[in-house]
Amino acid sequence: MTTQKGTRITQGQFSFLPDLTDAQITAQIAYALKRGYAINIEYTDDPHPRNTYWEMFGMPMFDLKDPAGILMEINNCRKTFPKHYVRVTGFDSSRGWETPRMSFIVNRPPSEPGFALMRQEGPGRNVQYTLSSYAARRPEGERY
Amino acid sequence: MASLPLDEAAPQPDSLDLGALLRDSHALEVIEALDRELVGLAPVKTRIQEIAALLVVDRARAQLGITGDQPPSLHMSFTGNPGTGKTTVALRMAEILHRLGYVRKGHLVSVTRDDLVGQYIGHTAPKTREVIKKAMGGVLFIDEAYYLYRPENERDYGQESIEILLQVMENNRDDLVVILAGYKDRMDTFFRSNPGMSSRIAHHIDFPDYTPEELFAIAEIMLERMHYRLSEAARAALREYIGLRRGRAHFANARSIRNALDRARLRQAKRLFGEHTSGVSRGALMTIEAEDIRASRLFREETAGGGA
Numbered sequence: 002m003t004t005q006k007g008t009r010i011t012q013g014q015f016s017f018l019p020d021l022t023d024a025q026i027t028a029q030i031a032y033a034l035k036r037g038y039a040i041n042i043e044y045t046d047d048p049h050p051r052n053t054y055w056e057m058f059g060m061p062m063f064d065l066k067d068p069a070g071i072l073m074e075i076n077n078c079r080k081t082f083p084k085h086y087v088r089v090t091g092f093d094s095s096r097g098w099e100t101p102r103m104s105f106i107v108n109r110p111p112s113e114p115g116f117a118l119m120r121q122e123g124p125g126r127n128v129q130y131t132l133s134s135y136a137a138r139r140p141e142g143e144r145y
Numbered sequence: 013m014a015s016l017p018l019d020e021a022a023p024q025p026d027s028l029d030l031g032a033l034l035r036d037s038h039a040l041e042v043i044e045a046l047d048r049e050l051v052g053l054a055p056v057k058t059r060i061q062e063i064a065a066l067l068v069v070d071r072a073r074a075q076l077g078i079t080g081d082q083p084p085s086l087h088m089s090f091t092g093n094p095g096t097g098k099t100t101v102a103l104r105m106a107e108i109l110h111r112l113g114y115v116r117k118g119h120l121v122s123v124t125r126d127d128l129v130g131q132y133i134g135h136t137a138p139k140t141r142e143v144i145k146k147a148m149g150g151v152l153f154i155d156e157a158y159y160l161y162r163p164e165n166e167r168d169y170g171q172e173s174i175e176i177l178l179q180v181m182e183n184n185r186d187d188l189v190v191i192l193a194g195y196k197d198r199m200d201t202f203f204r205s206n207p208g209m210s211s212r213i214a215h216h217i218d219f220p221d222y223t224p225e226e227l228f229a230i231a232e233i234m235l236e237r238m239h240y241r242l243s244e245a246a247r248a249a250l251r252e253y254i255g256l257r258r259g260r261a262h263f264a265n266a267r268s269i270r271n272a273l274d275r276a277r278l279r280q281a282k283r284l285f286g287e288h289t290s291g292v293s294r295g296a297l298m299t300i301e302a303e304d305i306r307a308s309r310l311f312r313e314e315t316a317g318g319g320a
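These protein sequences, in sequence, are chains V and E. In terms of this note's numbering, the first sequence opens at residue 2 and continues consecutively. In terms of this note's numbering, the second sequence opens at residue 13 and continues consecutively.
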């Protein structure tokens, strides 16, 4: 589910709230680790609502005991991609789920220009609507 | 946050009961168990008690509002001959540090060179970092750490691993404790070629070899755990065996004793098959006789090669 409030992207958990602090991120990861999720760090500069497959930053992290290591890796990712969207997902591998159970954004670009609504005239009086990110009009790596 | 001088901060008690703090942490139980279950190792035990005392005092200071800007560095190096209990103590160390609140989770991640160093360019850093992430909140135990550094090959990836470790040991001091272990002489060479590593390790603990008496005590503890006992003659035989074995090559202290006992169990089982075709008593099943120990190759070589 993606909705827009101003031009701020809201995707995943907590995205209507102000940005999480490192202590809050640590607490969320501690919860995920307690539930035995594998943690992934992903980034993208194409924040289209349908773009669910973001690039992975490093390998998924299994069998960790303490969130400090993941925070270290998040900071690494922030340093590498300071103006990208970065999110943390917790993958639950238990039978019946086998899917990400948590996903929240931990880094966003300093300014988010938002989306344009595109209208396409179809046959008859049919109009098709789609969203297009202002930022995504520039080539990859030069957005934001 | 405003930094107030100490006396203007919130009112704090003027004194604390150190003993009560130590009792509250339940670290004393682990230290006592360590004292009881590990034979000998006096310098090691003293150092562990000192570290525990330091951490309790540190906590007391924190409660009274006296805080330094850096927690004490607790990276350690365990040096000693094979079988002197380095891994066993490391495991207990993790438990003690956890109870004293120095590490958050208190698990031990035990690795060797293979787990840290990659096989091709660009493989080492992610591998080392993955291990470090797993160890966060606990203790990272690097066995035979001197293999990380191969002076004969200047393009060896071990150096990269050492650099990452150094960085983490410095920056993530409150997240994990690194313990390096290895044989004394090789570790000395390792530290000489990596002075950065040596200076970041606060505690160099040397594990002494066991005396014959201590080895015998260890054997008794091991047998008790396996629910065996020695006959009177077997006790004498074992003492004699320890004396002979200590002088031999590849003597690995407690590990050699455990192997010897395992072989004695094999011989006892074989002997019981020979003696009892039917009906074997509880006592016989539990007792190791002198002949089970004296059948060792050591004794035969001693008599055969007496003149040589």
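The beta-carbon is built from N, C-alpha and C at its ideal position, and this holds for glycine as well. As the structure is a computational prediction, the values presented were derived from the model and not from experiment.
Item	Value
Neighbourhood of V:MET119 by C-beta distance below 8 Å, restricted to the same chain and skipping five residues each side	TYR130, THR131, LEU132 and SER133
6 Å CB neighbourhood of V:PRO61 in its chain, flanking five on each side removed	ALA39 and ASN41
Sheet register partners of V:ARG88 (DSSP bridge)	V:GLU43 and V:ILE106
Interface residues of the segment 137 to 159 of chain E facing chain V [CB-CB below 9 Å]	PRO138, ARG141, GLU142, ILE144, LYS145, LYS146, ALA147, MET148, GLY149 and GLY150
Neighbourhood of E:SER122 by C-beta, 6 Å cutoff - its chain only, sequence neighbours within 5 removed	PHE153
V:TYR135, buried or exposed, once every other Cβ within 10 Å from all chains shown has been counted against 16	exposed
Proximity test, Cβ basis, 8 Å: E:ASP218 and chain V	no
Test: E:ASN184 CB closer than 8 Å to a CB of chain V	yes
Chain E contacts made by the segment 69 to 89 of chain V, where a contact means CB separation under 8 Å	ALA69, GLY70, ILE71, MET73 and GLU74
CB contact check: E:ASP200 to chain V, cutoff 8 Å	no
Other residues of its chain near E:SER243: CB distance less than 6 Å, five sequence neighbours each side excluded	THR299 and GLU301
Cutoff 8 Å: V:GLY97 Cβ touching any chain E Cβ	no
Under 7 Å from the C-beta of E:ARG162: neighbouring residues of chain V	None at all; the shortest Cβ gap to chain V is about 26 Å.
Min CB distance V:LYS35 to chain E below 8 Å	no
Interface residues of the segment 109 to 130 of chain E facing chain V [CB-CB below 8 Å]	ARG116, LYS117 and HIS119
Boundaries (first-last residue) of the beta strand (DSSP E) holding E:GLY194	189 to 194
Nearest to E:VAL51 (by Cα), restricted to the options E:TYR222, E:THR79 and E:ARG270	E:TYR222
Minimum Cβ-Cβ distance from V:MET1 to chain E less than 8 Å	Since the first residue shown for chain V is 2 and the last is 145, residue 1 of chain V is missing from the structure and cannot be characterised.
Alpha helix (DSSP H) segments (min. 4 residues) lying fully within the segment 23 to 82 of chain V	23 to 35 and 69 to 81
Alpha-carbon to alpha-carbon, V:ARG36 and V:ARG138	40 Å
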